[in-house]
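Under the numbering used here, the first residue of the sequence shown carries the number 787, and numbering increases by one thereafter.
Right, one structure below, let's go through it.
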Amino acid sequence: MNTGIIGNLTKAELIPAVREVLSRFRGRDVTTFLDADLLEQVRVPDGVKVATLPGSLSSPGLHLDVVIALGGDGTILSAARRVGASGTPVLGVNLGKLGFLAEVSVTDLGICIEELLKGNFDVEERSVLAARVTGGETEEFVGLNDIVIHRGPSFRAIRLETYVDEEYLITYTGDGLVVSTPTGSTGYALASGGPIVVPQSPVFTLTPIAPHTLMARPVVIPNDRTMRIVADLSGQPIHFTADGQVDRIYASPVEVRIKKAPYTIKLVKRKGHSYYDLLRTKLMWGRDVRENREEEQ
């Protein structure tokens, strides 16, 4: 079995968590690949086979059975980008605060690794956005969570002429637009007033950011459609982000085409763990705030 470990080096809990994982591999037929910076900082237990992990986890000749991402949601999104189209499952371990994408906490890490070694887990496939931006030159990006087009620090409202399969939908005017997958529906899109979408739903959501009209609302479309967005900010720079990690600035106007990527990201899921449980425990979904007030009184 080949495993990869990546982590957020700014987290104090990272090194102890890595050692916990490696200790579970002692004496077993497991080779663990770690980022060079991480490998330099961790003391590898005796009887554990390790190697250096390349930058791209989809490199030819590299076969990983699973990638363990230790950190917050940002670390898991970074792992998904590095895994790309390789099909390697990603197990998220939460070392941060919310960690909505993370499947396990540090407390349950040891138990989860044992389940992993026994093959006692599920794999859930998540859709990915593929974006092509044309603004002077053409660039391509992917996002597991979302693609965001926004005005940046400008005080002007951005105009986003939006088409679905070349059929005119609407021109959003405001601070920007979030195009999200079901996975990303609980992120920036939710904060902008978008709906929570169950991960297996075959849809994408378009959510305007601070629209300058009460009539502009989020729209849910089938994920087999292609979106074309022409963004104009009166000659000022337009900002583009993918998963909040890849940032670009383009001269106005710019055209963005977004569709479903030809591959999915596979996330490791523990058996018996429900998405709806996750909503209730991490987002306090359905919680009546009056309950806490009554307890305080």
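Every residue, glycine too, gets a C-beta built ideally from N, C-alpha and C.
All figures in this text were calculated on a predicted structure; none of them were measured in a lab.
Runs of the alpha helix (DSSP H) spanning 4 or more residues and lying entirely within the stretch 932 to 985 occur at 974 to 977, in chain order.
By a beta-carbon distance limit of 8 Å, Pro981 does not contact Ser913. Their separation comes to about 16 Å.
The residue from Gly960, Lys1046, Ala855, Gly860 with its alpha-carbon nearest to that of Ile995 is Gly960. Looking from the CA of Ser966, the closest CA among Gly979, Ser845, Leu839 belongs to Gly979. The C-alpha of Trp1071 is placed about 29 Å away from the C-alpha of Gly793. Annotation: the continuous beta strand (DSSP E) that includes Asp908 extends over 908 to 912. In the three-state DSSP reduction, Ser891 falls in the strand class (E or B). Just so you know, the alpha carbons of Pro802 and Gly858 end up roughly 16 Å apart.
The Cβ-Cβ distance between Met1013 and Thr924 does not fall below 8 Å. Within a 10 Å sphere around the beta-carbon of Glu826 sit fewer than 16 other beta-carbons, which makes this residue exposed. A check of alpha carbon separations from Val1006 across Phe990, Ala1017, Pro997, His998 identifies Phe990 as the nearest. In this structure, the alpha-carbon of Ala855 lies about 12 Å from that of Ser891. When secondary structure is reduced to three states using DSSP, Lys1068 falls in the helix class. Here the C-alpha atom of Thr972 lies approximately 12 Å from the C-alpha atom of Leu930.
Cβ-Cβ distances below 7 Å link Ser872 to Leu843, Ser844 in the same chain, with the five nearest sequence neighbours on each side left out; the list follows chain order. In the structure shown, Asp1033 adopts extended strand secondary structure according to DSSP, grouped into three states.
For Thr861, the uninterrupted alpha helix (DSSP H) segment begins and ends at 859 to 869. The beta carbon of Val909 sits closer than 8 Å to those of Pro875, Lys1052, Leu1053, Val1054, Lys1055, all from its chain and outside the five residues before and after it, given in chain order.
Look at the beta carbons and you see the stretch 1021 to 1036 touching the stretch 860 to 869: at least three pairs across the two are nearer than 8 Å. Between the C-alpha atoms of Pro831 and Val804 there is a straight-line separation of about 11 Å.
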